[in-house]
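Following: one structure in structure tokens, then a few remarks.
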Amino acid sequence: MAGSRSITVLNLGKISYRAAWQVQRSLLQAHRNDAKNKKSFLSEQHPGDVLIICEHEPVYTVGIREREYSQDEERLKALGADFVRTDRGGLITFHGPGQLVGYPVINLKNYSLGLRKYVSSLEKVLIKTCEMFGLQGKTTKDTGVWIDERKIAAIGISCKRYITQHGVSLNCNNDLSWFDHVIPCGIKGKGVTSLSQELGRKVSLQETEPLFLNSFCDVFGCTLAADEKLAENILLKADFIS
Amino acid sequence: MNKLLSEMRFTEEHEWVRQEGSTPHVTVGITDYAQDSLGDIVFVELPEVGSQVVEKDSIGAIESVKAVSDVYCPASGTVTEVNTELESTPEVVNTSPLEDGWLFKMELADVSSLDTLLTEKEYKDYLHGLE
Chain A
24 MAGSRSITVL NLGKISYRAA WQVQRSLLQA HRNDAKNKKS FLSEQHPGDV
74 LIICEHEPVY TVGIREREYS QDEERLKALG ADFVRTDRGG LITFHGPGQL
124 VGYPVINLKN YSLGLRKYVS SLEKVLIKTC EMFGLQGKTT KDTGVWIDER
174 KIAAIGISCK RYITQHGVSL NCNNDLSWFD HVIPCGIKGK GVTSLSQELG
224 RKVSLQETEP LFLNSFCDVF GCTLAADEKL AENILLKADF IS
Chain B
-9 MNKLLSEMRF TEEHEWVRQE GSTPHVTVGI TDYAQDSLGD IVFVELPEVG
41 SQVVEKDSIG AIESVKAVSD VYCPASGTVT EVNTELESTP EVVNTSPLED
91 GWLFKMELAD VSSLDTLLTE KEYKDYLHGL E
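Protein chains in written order, with the numbering used here: chain A, 24 to 265; chain B, -9 to 121.
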């Protein structure tokens, strides 16, 4: 059935973490309304499965096991980053300029995927993207994607009645020193890296995005279509919430 | 046919509900299919004892590797007990989803609400439809 599924790509550009999360929740609600045959408030036409790509201002986020970080919030905020408690899986991570973030808000039923397989599909997308740069990415028991012992991409998702939220982040040319202040994803004794650091040249988001999207199509067996109008519509609303 | 299974009711969110006799007291957990599709479970968040819950509400969460999945309330009522063992050993949901890995117990507001849930056969048919 490859190719028969279509995902709308929503490029939100640079947007705050909180606003992007609000957009995901709106899209989730649209999925639910769709299931109940209600009209989506986002647009006349329900967008269906959506892949958001964006870039955040500096932010540390934690998953539902956030109690482990009750001491860290003020210290991390003092560095000039936002700090957000989320409902995703995984432990602490960082997002910031120069990092590609992807949030698929999709109905897993459309892909006959359980959560575990969905997470491993996202890992495959990231490994494929690294391959296109000539880098050998791999997975370990610690999930995320690694170049040797250095973590290049992180995964953290949530799923509500088959609809996914949150997603992946891939370090392109972001300032990695932000990771020095935390133990990324709770994994001790390992480093982080970026495409730029591995390749010894500046690898921009603009260069990475199409390769990431191609990899996503391959792994999920779907086609992607951009929807500028939906992006505009959503960004107008996001202005109020950011 | 597994006698244990045939006494249970199920939801489309892959939860099982087991009634104690004909009382309004039930135990709730997730199915083997659910634990398998989630993968290794590392954290379970459960509702508070005494909380009033409404059918289909999200009342907890299960975290497997890097992914959080909501736990839904199969019927309306009051939570009477939660499986506190899962705080330190969440992996029991993987190894014994139908027994030691139960999530919570509740007193139903209306026993007849069980009739609206799926029977074992209906749940199995539903699983076939997902494949």
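Just so you know, even glycine gets a beta-carbon here, dropped at the ideal spot from N, CA and C.
Quick caveat, the model's predicted, so the values are computed rather than measured.
Asked                                                                                                                                                                 : Found
Name the chain B residues that come within less than 7 Å of A/Gly214, Cβ to Cβ?                                                                                       : What A/Gly214 touches in chain B: nothing, since even the nearest Cβ is about 19 Å away.
Would you mind reading off the limits of the beta strand (DSSP E) that contains B/Gln9?                                                                               : Glu5 to Gln9
Considering just the uninterrupted stretch of the alpha helix (DSSP H) at B/Lys114, what are its terminal residues?                                                   : Glu110 to Leu120
Between A/Thr231 and A/Arg173, is the Cβ-Cβ spacing less than 7 Å?                                                                                                    : no
Please classify B/Arg(-1): does DSSP put it in a helix, a strand, or coil?                                                                                            : strand
Between the stretch 102 to 116 of chain A and the stretch 244 to 259 of chain A, can you find at least three pairs of beta-carbon atoms closer than 8 Å?              : no
Kindly say whether A/Ile180, judged by its beta-carbon, lies nearer than 7 Å to any beta-carbon of chain B.                                                           : yes
Roughly how many angstroms lie between the CA atoms of A/Cys77 and A/Tyr126, to the nearest whole one?                                                                : 8 Å
Quick one: what's got a C-beta closer than 6 Å to B/Lys95's C-beta in the same chain, skipping five residues either side?                                             : Thr17, Thr70 and Glu71
Pull up the distance between the alpha-carbon of A/Gly137 and that of B/Ser27, whole angstroms please.                                                                : 5 Å
Report all residues from its chain with a CB closer than 7 Å to the CB of A/Ser144; omit the five preceding and five following residues, and keep chain order.        : Leu136, Val242 and Phe243
Please state the DSSP three-state secondary structure of A/Gly127.                                                                                                    : The question names Gly, but residue 127 of chain A in the sequence shown is Pro. Residue state, collapsed to three classes: strand.
Just reading off the beta strand (DSSP E) that A/Asn194 is part of, what are its end residues?                                                                        : Ile186 to Asn194
So, under 8 Å CB-CB, B/Phe168 and B/Glu5 are touching, yes? Tell me the CB distance rounded to an integer number of Å.                                                : Residue 168 of chain B is absent from the structure shown; chain B starts at -9 and stops at 121.
If you pair each beta-carbon of the stretch 38 to 54 of chain B with each one of the stretch 160 to 170 of chain A, do three or more pairs fall below 8 Å?            : no
Which two residues bound the contiguous alpha helix (DSSP H) that contains A/Thr231?                                                                                  : Leu228 to Phe243
With A/Cys182 and A/Leu131 assumed to form a contact (beta carbons below 8 Å), what rounded beta-carbon distance in angstroms separates them?                         : 7 Å
Does any CB atom of chain B fall closer than 7 Å to the CB of A/Leu253?                                                                                               : no
Could you tell me if A/Leu33 is buried or exposed, where buried requires 16 or more neighbouring beta carbons within 10 angstroms of its beta carbon?                 : buried
Excluding the 5 residues flanking A/Leu234 on each side, which residues of the same chain have their C-beta closer than 6 Å to its C-beta?                            : Thr152 and Met155
What did DSSP end up calling A/Ala104 once you bin it into helix, strand or coil?                                                                                     : coil
Taking buried to mean at least 16 other C-beta atoms within 10 Å of its own C-beta, is A/Asp72 buried or exposed?                                                     : buried
Whole angstroms is fine: what's the gap from A/His189's alpha carbon to A/Val128's?                                                                                   : 8 Å
Spatial neighbours of A/Arg28 within its chain, please: CB distance less than 8 Å, with the 5 preceding and 5 following residues excluded, ordered by chain position. : Asp72, Asn133, Tyr134, Phe243, Gly244, Cys245 and Thr246
What residue from B/Ser103, B/Pro87, B/Leu93 and B/Glu110 has the CA that sits closest to B/Glu77's CA?                                                               : B/Leu93
Kindly indicate which residue of B/Thr13, B/Gly40, B/Pro80 and B/Val55 has the alpha-carbon position closest to the one of B/Ile20.                                   : B/Pro80
State buried or exposed for B/Met29, treating a residue as buried only when at least 16 other CB atoms are found within 10 Å of its CB.                               : For clarity, residue 29 of chain B is Gly in the given sequence; the question names Met instead. The residue in question, B/Gly29, is buried, as its Cβ has 16 or more Cβ neighbours within 10 Å.
Taking C-beta pairs closer than 7 Å, name the residues in chain B that A/Arg111 reaches, listed in chain order.                                                       : Val58
Flag this pair as yes or no: are the beta carbons of B/Val83 and B/Ile31 separated by less than 7 Å?                                                                  : yes
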